[in-house]
Each structure stands twice: as structure tokens, then as C-alpha cells.
Amino acid sequence: MSPVWYAARLGVRRGRTELRQTFTSGQDLFGYALWTALLMIPLFLAGDDPLKGAGISAGAFMLPSMVGMTLAFTGVMTTAQLLATEREDGTLLRAKAVPHGMVGLLAGKIIMVSGTALVSMALPFVAGLFLVDGVAQQGGGALLTLVWVIPLGLLATLPLGAILGSLVNSPRTIGLLTLPVMGLVMISGIYFPLSKLPEWLQIIGQIFPVYWLGLGLRAALLPAGAVTAEVGESWRHLETVGVLGAWAIAGLLLAPSVLRRMARRESGAAMAERYRKAMQRVV
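Per full-length UniProt numbering, residue 1 is the first one in the sequence shown, and the count goes up by one each step.
Structure, rendered in C-alpha cells:
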């Protein structure tokens, strides 16, 4: 086995260990439960109010949309947070000192974040099924769509999270991204159809992967008649593959070089300086 593949194998094993730890941590489990509860609030408020012209309720429209938002949010923000934290606590520096250590580190992060994202999606989805009707009744066709939408969504968001995590200086800085991310959610057709927004906002919303993840999941989980609420009254599968694929390719091409540049800047002196500044803030 080549050294690179061996490092990747160790990284996958580390990722599985981290997943097991997070699923046995009371604090992390509370976070999953809290996120699920927060997502249920708009579903409960929307209830069975009909979505005009779509033949479904507003809650039914929102459920797959919010599941897609959760996948995108977890893929970007969790990856960025983990990399920023491991940069500050010295994990990245230790990985840099090991042959092909960065390969193992990234492999572990992919396993960890992918598992976290899938659980973060599944919990609100299952809970939401008890609040709304008309979702997940499409049979095998829905499963086939989910098979390609979810992995492609992860590929489109994980590299972006890695890039953002490598650009910030501290995990505390990640919080500054929350406001623009939530603004993006509002114009991505999560809580109401994108077709209801002005055309210039529709264009902006369709640039980013959040909208396309929501669209792909709505195509898989909603009745065929619900397509009348979408832009162009079409599920646009080819466009979904194209946009998510473009984000995935761009991220996979850009992320390694950005991460290598970040790793080159890491040193014991740089870490000591960050520790000194952190202690000054505490004092």
C-alpha cells in the first residue's frame, strides 16, 4: 500500500472514531436535539396552510428545503469550524510534521463532517414527517434522486468549508460568517418559493448551492404537482447537477492549494504567538 493511501486509511479510521465520540457526547447530542427543535418551529407555525397553486402545504414545501439547508450549512460551517480549531490547538501543525499527514487529516474531516451532516439532516426530516403530510411518498424514484443529490451536495459544500476554515485566523472568527450565511438562506427558497422573489434576487440565490440542494430534495420528496411553485415550473435536474458539480469541481481544485498554503504558514512560533494573544484577551 502506498504511503498516501495508508495515510488516507488512517484518516478514515480517525474520522470514524471522532464520529463515535460525537454520538456519545451529551453536549453534542443536545446540539442535534436543539437544532431539530429550532427547525420544527417554522414547520409548526406553517402547519397545513396551503401553498398557493402548488397543491401542497407550506410546511410540506419547507421540510425538504430545510433538510437541504442543513446539509449545506453543516458541510460549510462545521468543516470551517473544525479546521480553524485544529489550526489553533496545534493539530494541523502535528499533522504537517507527519508524512502525508494532511491527507490523513482531510480524510478524517470528510468522514466526520459527512456523518454529522447526514445525522443533522435525518433528525429534522423524521421529526418533520409527523408535522406535515405529502412528503416522501414518491417511491423508488425519490430514492434514486436522493442517491445523487446528497453526495453531490456534500462535494459542493465540504471543500468550500475547508477553504473558509483555512482563511480565518481563529475559530471565533467563524461566527462572523453566520449572518451572511443566514442572509443567503433567506434568498435560497428555503422558507418560501424562490419564484416569489424579485428576479435579481432569484439570480443571486441560484448562484449558490443552497438553493439547488433544496430544489433537488424537493424534487425527490414532493409530489409532481408541487413543481408549479418552482422557477420555470421545472425541477431542473440537469441544472442542479451542473451547478452543484461546478461548485464541487471548483472547491476540489482550489481547496488543496489553499490548505497547503495554510500548512506552510504553520510553525511553532506562529502557534506560540496565537497563544500569547489569546492569553492577553483572557487577562
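Note that beta-carbon positions come from the ideal geometry of N, C-alpha and C, so glycine has one too.
For residue 235, the closest alpha carbon among the candidates 21, 160, 142 is that of 142. Under the DSSP assignment, residue 120 falls in the alpha helix (DSSP H) whose first and last residues are 101-129. Sixteen is the threshold: when 16 or more other Cβ atoms of the shown chains lie within 10 Å of the Cβ of residue 62, as they do, the residue is buried. Rounded to whole angstroms, the separation of the alpha carbons of residue 95 and residue 182 is 33 Å.
When the five nearest sequence neighbours on each side are left out, the beta carbons in the same chain lying within less than 7 Å of the beta carbon of residue 49 are those of 57, 58, in order along the chain.
Judged by their CB atoms, residue 64 and residue 218 are nearer to each other than the 8 Å cut-off. DSSP places residue 51 within a strand segment (E or B) once states are collapsed to three. A direct Cα-Cα distance of roughly 21 Å separates residue 111 from residue 262. Taking every protein chain shown into account, the CB of residue 117 has 16 or more other CB atoms within 10 angstroms, so this residue is buried. Cβ-Cβ distances below 8 Å link residue 222 to 56, 60, 61, 64, 134, 135, 138 in the same chain, with the five nearest sequence neighbours on each side left out; the list follows chain order.
Here the stretch 154-162 makes contact with the stretch 242-253; the two share three or more CB pairs at distances below 8 Å.
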